[in-house]
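Chain order of the listed sequences is A and B.
At position 83 of the first sequence the residue is numbered 82 (numbering that gives the first Met the number 0), and the sequence of numbers has no breaks.
At position 380 of the second sequence the residue is numbered 379 (numbering that gives the first Met the number 0), and the sequence of numbers has no breaks.
2 protein chains.
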Amino acid sequence: MPKCEIIAVGTELLLGQLTDTNTPRIAQALATNGVDVYGTHEVGDNRDRIAAAIAAALERADGVITCGGLGPTIDDMTKEAICDALGLDVELNEDVLHAIERIFSRTGRQMRENNRKQALLPHGAMVLPNPNGTAAGFIAFAAGGKFVAAMPGVPHEMSAMLDGHLIPWLRERFSLKSRITTRILHTIGIAESEIDHRIADLFASQENPKIAVLAHDFRCDVKLMAKAEDQAAGRALIAPLEKTIASRLNGYIFGADDETLEGVLIKRLVRDDKTLAVAESCTGGRVSARLTSVAGASQTFLGGVVSYDNVVKVDALGVPEELLAQFGAVSGEVVTAMAQGVRKRLGADVAIATTGIAGPDGGTPEKPVGLVWLAVADPERVETLQLHLHGSREIVQVRATVAALGLLWKIFYAR
Amino acid sequence: MPKCEIIAVGTELLLGQLTDTNTPRIAQALATNGVDVYGTHEVGDNRDRIAAAIAAALERADGVITCGGLGPTIDDMTKEAICDALGLDVELNEDVLHAIERIFSRTGRQMRENNRKQALLPHGAMVLPNPNGTAAGFIAFAAGGKFVAAMPGVPHEMSAMLDGHLIPWLRERFSLKSRITTRILHTIGIAESEIDHRIADLFASQENPKIAVLAHDFRCDVKLMAKAEDQAAGRALIAPLEKTIASRLNGYIFGADDETLEGVLIKRLVRDDKTLAVAESCTGGRVSARLTSVAGASQTFLGGVVSYDNVVKVDALGVPEELLAQFGAVSGEVVTAMAQGVRKRLGADVAIATTGIAGPDGGTPEKPVGLVWLAVADPERVETLQLHLHGSREIVQVRATVAALGLLWKIFYAR
């Protein structure tokens, strides 16, 4: 297994002003493709220190990957430091120069001498094209076949270069035959411990694919990771295990990989030609906000009422005052009336309602902070769910939102 | 200025499964207190590699700070690696042992041999107490006065130890006389370039405090950083500059430090004994969600209507159908009617309304994606604002939300 080290360059990192997200992104891509990350480092914008860090890392590893410090300004000196570490001079790369000239002529900005400087690469280096900016990346070579790959620090420039150029080059260079293919199954309405219990035997017996259970706000993912020659072979290894897990978790898996709970719900409702309305108290608009984050939500989502005050529950949703007086706003009776009310008032086929005590104040011994009632209604029925949530105001609001969407999914689409 | 390096320990970091937030947290605390961070590193759970990284860092710096790898399990070996690097043996620390025993007896769990192992510290080390867990931190000493400070990797355990014990020790050890005091002024409704223009002379003339302008989603912060002996002296340095900047940015600063726009609005509305209602189209519930994220919002926020479909605008808000037909849903006329409608229907003193095209579909040449109309109404008047926003659906939704809250602030509270 080839070994690499990662060096992130930038004084702002050492001041803690910026959290380095490039290093974990690169580390993950290397791990997925079978490259061992031996260590990572952050260094300031100092030519000697960057060169020293590169030289030290090259003694331990087969290659070093840097990111940051490739821009046109005076404090960008990663390229010079790489030359120092490898004993190389720079030379003008015509291809890179033309690419930079094209960007400037296209955007109508004036090119300066320091932009021209960006076309100077270490002698003998291979270009890593940058589709999203002027800072070209490159791979420079040391005597003995070790290498230093340099990428810019802007995350979307680095990511495109990593996936499009560096990883393919590494796979060929080191004849990497295996790759980790990942499949994530999203569940709702089942606890992490219950998932563990249902698939414990698979955990123990499975070496490839590996299985991991990840808990999120009020729902869990099951992650399958297969090591295989390519993605097709990885998928073939995953398929039978996924089938087994799907049958063990029957009725709880709502989607996979990039799918979201709100996205799946909008898609299903559109397909079934059903319209949706929402009445929210304790979630304060979060259920509607999640649903409307999906492009095309307007095909099914009519709207919602945030009935924070009881007067709004009565006037805008038609909740009977005597229900509020008898059972209180946080009750199965009121959440039922809210769901029925918003469904009728907005003329929707289906409705979701939430009411609860988000805290930190407002709890009583009978109705403590974290008590939440949810309801889903259609013309035939109303289903309610009572929850006791723990945590801060924000956690209660977020979990109640996820649970409300989950209840809709469970009633209409789980099977 | 004393120099330190930071080493984060954990194989999961090198696999990119976890983003290291401890390193920037420690780096920031060191920078604030006048310690230079010379470099940072991530190393896997490997005793030899951890020891080698510590030894190399100690050659460059006055001290090394590690985090992670202090737990009771077999893959926790930072302590052993520190002993290797410094040539020290471990010895039982009775104070730490008693502290661990107390935690176990309090929680009723059974203490195991590997928990007892956590009470072994490098010979001569100073304890850094852990108020939030069983893993004690410590400072071990090398010949020549250099040191290695070890802290656990669980963020809230690390943070408490850092602020409560390590930083005070470093300040005394290196007689650190200065500290950076920070003041953040939050603005809304003024562009970054306009702020730059208004305070350009202060930027140039100011060495202490330093000034930085930071852009967020549709609003900017002005950050003042003063270097002084203590916080009181830092505040005294900041006060006159803050006054000057406040007068240059008169009418745009809504709060400072931990204050949020929604928090300031709720506080002011409660103080003025005014109630608030919201009608949202393109923001889909985000304005209500922000307002209800504030504890105590129910004292002023009555509720809202998410009128995504035009039928809801007509039925729930009383927007005249002829307005929708003549001007379209995204227009100054309709947003005015939405604000007036929700104010009257919900019986509120003040109302906010939003309508727009969040995209990616639904734009036309006359009304492109990103066109947003906002309104704020009270019994006497309605003020509207038209915006042309750029970016993804999410960016348009978030910026429209911030701008809507900003419009309310501008009309009632800016002076």
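Cβ atoms here follow ideal geometry from the backbone N, Cα and C, with glycine treated the same way.
Can you find a CB in chain C that lies within less than 9 Å of the CB of residue i?
i: B:ILE25; result: Of the protein chains in this structure, namely A and B, none is chain C.
Identify, in the order they occur along the chain, each residue of the same chain with its Cβ nearer than 6 Å to the Cβ of residue i, setting aside the five sequence neighbours on each side.
i: A:LYS226; result: SER177, ILE179, ASN207
i: B:PHE103; result: MET110
i: A:VAL349; result: LYS273, LEU275, ASP377
i: B:HIS122; result: LEU87, ASP88, GLU90
i: B:LYS312; result: SER306, VAL318
i: B:ALA60; result: LYS2, CYS3, GLU4, TYR37
i: B:HIS40; result: ILE6, ALA52
Under 8 Å by Cβ, that's how I've got residue i and residue j pegged, so tell me the actual separation to the nearest angstrom.
i: A:ILE5; j: A:ALA26; result: 6 Å
i: B:VAL368; j: B:GLY361; result: 7 Å
i: A:ARG182; j: A:ASP256; result: 7 Å
i: A:TYR37; j: A:ARG267; result: Rounded, the Cβ-Cβ distance is 47 Å, inconsistent with contact.
i: B:LEU240; j: B:LEU301; result: Going by Cβ atoms, the distance from B:LEU240 to B:LEU301 rounds to 41 Å, so no, they are not a contact pair.
i: B:PRO71; j: B:ASN45; result: Contact doesn't hold; Cβ gap of about 18 Å is too wide.
i: B:ALA338; j: B:VAL375; result: 7 Å
i: A:VAL221; j: A:ILE187; result: 12 Å between Cβ atoms; not a contact.
i: B:ARG247; j: B:ILE210; result: With 8 Å as the limit, B:ARG247 and B:ILE210 do not qualify as a contact, their Cβ atoms being about 11 Å apart.
i: B:ALA80; j: B:ALA50; result: 4 Å
i: B:GLU382; j: B:ILE410; result: 5 Å
Can you name the start and end residues of the beta strand (DSSP E) that residue i belongs to?
i: B:ASP140; result: First, the residue type needs correcting, since residue 140 of chain B is Phe and not Asp in the sequence shown. Run containing B:PHE140: 136-140, per the beta strand (DSSP E) assignment.
i: B:ARG182; result: 178-187
i: A:PHE173; result: Here A:PHE173 belongs to no beta strand (DSSP E), and DSSP marks it neither H nor E.
i: B:VAL349; result: 349-355
i: B:ILE5; result: 2-8
i: B:LEU120; result: 119-121
i: B:LEU323; result: Taken as a continuous stretch (DSSP letters only), B:LEU323 belongs to no beta strand (DSSP E), being part of the alpha helix (DSSP H) at 320-326.
i: A:GLY38; result: 35-42
i: B:LEU165; result: Careful: B:LEU165 lies outside any beta strand (DSSP E) and carries neither H nor E.
i: A:LEU301; result: 300-305
i: A:LEU275; result: 275-279
i: A:LEU435; result: Absent from the model: residue 435 of chain A. The displayed extent of chain A is 0 to 414, so no value can be given.
i: A:ALA430; result: Outside the shown range of chain A (0 to 414) lies residue 430 of chain A, about which nothing can therefore be said.
i: B:VAL190; result: Going by the sequence as given, residue 190 of chain B is Ala instead of Val. Where B:ALA190 is concerned, there is no enclosing beta strand (DSSP E), given that its DSSP letter is neither H nor E.
i: B:ALA149; result: 146-150
Keeping to the same chain, check which residues put their C-beta closer than 7 Å to that of residue i; ignore five residues upstream and five downstream.
i: B:GLN48; result: Sequence inspection shows Arg at residue 48 of chain B; the Gln mentioned does not correspond to that position. Closer than 7 Å at Cβ, skipping near neighbours: VAL42.
i: B:GLY340; result: ALA278, LEU316, GLY317, VAL318
i: A:LEU322; result: GLU332, VAL333, ALA336
i: B:ARG398; result: ASP216, PHE217, LEU388
i: B:VAL329; result: THR354, GLY355, ILE356, LYS366, LEU370, TRP372
Taking the alpha helix (DSSP H) that residue i belongs to, which residues open and close that run?
i: B:ALA56; result: 46-59
i: B:MET160; result: 154-160
i: B:VAL333; result: 331-345
i: B:THR20; result: It is not in any alpha helix (DSSP H) - B:THR20 carries neither H nor E in the DSSP assignment.
i: B:LEU314; result: First, the amino acid is wrong: residue 314 of chain B is Asp here, not Leu. 309-316 is the span of the alpha helix (DSSP H), which, as asked, contains B:ASP314.
i: A:VAL286; result: 285-291
i: A:GLY262; result: 260-270
i: A:ARG115; result: 112-115
Report all residues from its chain with a CB closer than 8 Å to the CB of residue i; omit the five preceding and five following residues, and keep chain order.
i: B:GLY327; result: VAL333, LYS366
i: B:THR400; result: THR282, ARG285, VAL286, ARG289, THR353
i: B:ILE394; result: ASP216, LEU388
i: A:LEU119; result: LYS78, VAL89, GLU90, LEU91, ASN92
i: A:ILE265; result: LEU290, VAL293, GLY295, ALA296, GLN298, THR299, PHE300
i: B:ASP229; result: ARG178
i: B:ARG392; result: ALA357, GLY358, PRO359
i: A:ILE189; result: CYS219, LEU248, TYR251
i: A:ALA235; result: ALA227
Any alpha helix (DSSP H) of 4 or more consecutive residues that is wholly inside the stretch 194-258 of chain A: 230-247
Touching by the beta-carbon criterion (3+ pairs, under 8 Å), the stretch 93-107 of chain A and the stretch 118-134 of chain A: yes
Could you check whether the stretch 382-393 of chain A touches the stretch 28-38 of chain B, counting it as contact only if at least three pairs of C-beta atoms, one from each stretch, sit closer than 8 Å? Judged by Cβ distances under 8 Å, the stretch 382-393 of chain A makes no contact with the stretch 28-38 of chain B, as fewer than three pairs qualify.
Are the stretch 210-217 of chain B and the stretch 144-158 of chain B in contact at 8 Å, needing three or more beta carbon pairs? No, because fewer than three Cβ pairs between the stretch 210-217 of chain B and the stretch 144-158 of chain B fall closer than 8 Å, the two stretches do not touch.
Please specify which runs of the beta strand (DSSP E), each continuous and at least 3 residues long, are wholly inside the stretch 63-95 of chain A, giving them in chain order. 89-91
In chain order, which alpha helix (DSSP H) runs of at least 4 residues are fully inside the stretch 366-395 of chain A? none
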